[in-house]
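Residue numbering for the sequence shown follows the numbering used here, starting at 167 and increasing by one per position. Glycine is no exception: its CB is placed at the ideal position from the N, C-alpha and C atoms. Bear in mind that the values here come from a model prediction, so they are computed numbers and not experimental data. To keep things clear, I will list the structure first and then write my remarks on it.
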Amino acid sequence: MPVEMSEARFEELVAEALDAVPAEFAKAMDNVVVLVEDHNEEAPGILGLYHGVALTRRTSNYGGVLPDRISIYRRPILRICETEEQVTEEVLITVVHEIAHHFGIDDARLHELGWG
167 MPVEMSEARF EELVAEALDA VPAEFAKAMD NVVVLVEDHN EEAPGILGLY HGVALTRRTS
227 NYGGVLPDRI SIYRRPILRI CETEEQVTEE VLITVVHEIA HHFGIDDARL HELGWG
């Protein structure tokens, strides 16, 4: 049974997950914003998505661009969880996973590290 949770509470969990990111990584994040959205229209089952140019792929030509986006999708996360504790854990995993993409870490490596 999916978890029922207000948008405000879900956003709090995303903020808590961001606060859990080690300071050295948080400081290294550059030109990126984290957004909570209901779902992805093109892939409604995904939990999160990084849109942008990873730090490892940016060149001296990178500049004057809109911020990269990390989207955390509320409905799919709530749909796969049965308790608020599971939502909290899944939000943390999803936030870390998408931040890792900002740092240039691919899905294969994330799975090896247990953040898949």
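Grab the span of the alpha helix (DSSP H) containing ARG241 for me, first residue to last. Where ARG241 is concerned, the enclosing alpha helix (DSSP H) stretches over 240–246.
Member of LEU179, ILE271, VAL199 whose CA lies at the smallest distance from the CA of VAL231: Ranking LEU179, ILE271, VAL199 by Cα distance to VAL231 puts VAL199 first.
Own chain residues within Cβ distance below 7 Å of GLY211, not counting five before or after: For GLY211, where only same-chain residues beyond five positions count, the Cβ hits under 7 Å are PRO242.
Tell me, to the nearest whole angstrom, how far the beta carbon of ILE238 is from that of VAL180; I am working on the premise that it is less than 8 Å. At roughly 5 Å, the Cβ-Cβ gap stays under 8 Å, so ILE238 and VAL180 are in contact.
Between the C-alpha atoms of GLU248 and ARG240, what's the straight-line distance to the nearest angstrom? Distance between the alpha carbons of GLU248 and ARG240 is about 14 Å.
Taking the beta carbon of HIS268 as the centre, do at least 16 other beta carbons fall within 10 Å, making it buried, or is it exposed? Counting Cβ neighbours within 10 Å, HIS268 comes out buried, since at least 16 surround it.
Taking THR254 and GLY214 to be in contact with their CB atoms under 8 Å, please state how far apart those CB atoms are, rounded to whole angstroms. The beta-carbon distance between THR254 and GLY214, rounded to whole angstroms, is 15 Å. This is too long to meet the 8 Å contact definition.
Given a threshold of 16 other Cβ atoms within 10 Å of its Cβ, counted over all protein chains shown, does LEU279 qualify as buried or as exposed? The C-beta of LEU279 has fewer than 16 other C-beta atoms within 10 Å across all chains shown, which makes the residue exposed.
Leaving aside the five residues before and after LEU221 along the sequence, list all residues of the same chain whose C-beta is less than 7 Å from its C-beta, in chain order. Taking C-beta separations shorter than 7 Å and ignoring five residues to either side along the sequence, the partners of LEU221 in its chain run ASP196, HIS268, PHE269, GLY270, following chain order.
Between GLU250, LYS193, GLU182, ALA274, which lies nearest to PRO168 when the distance is taken from Cα to Cα? Out of GLU250, LYS193, GLU182, ALA274, GLU250 has the C-alpha closest to the C-alpha of PRO168.
Just to confirm, is the Cβ distance from LEU276 to ALA183 under 8 Å? When the beta-carbon positions are compared, LEU276 and ALA183 stay at least 8 Å from each other.
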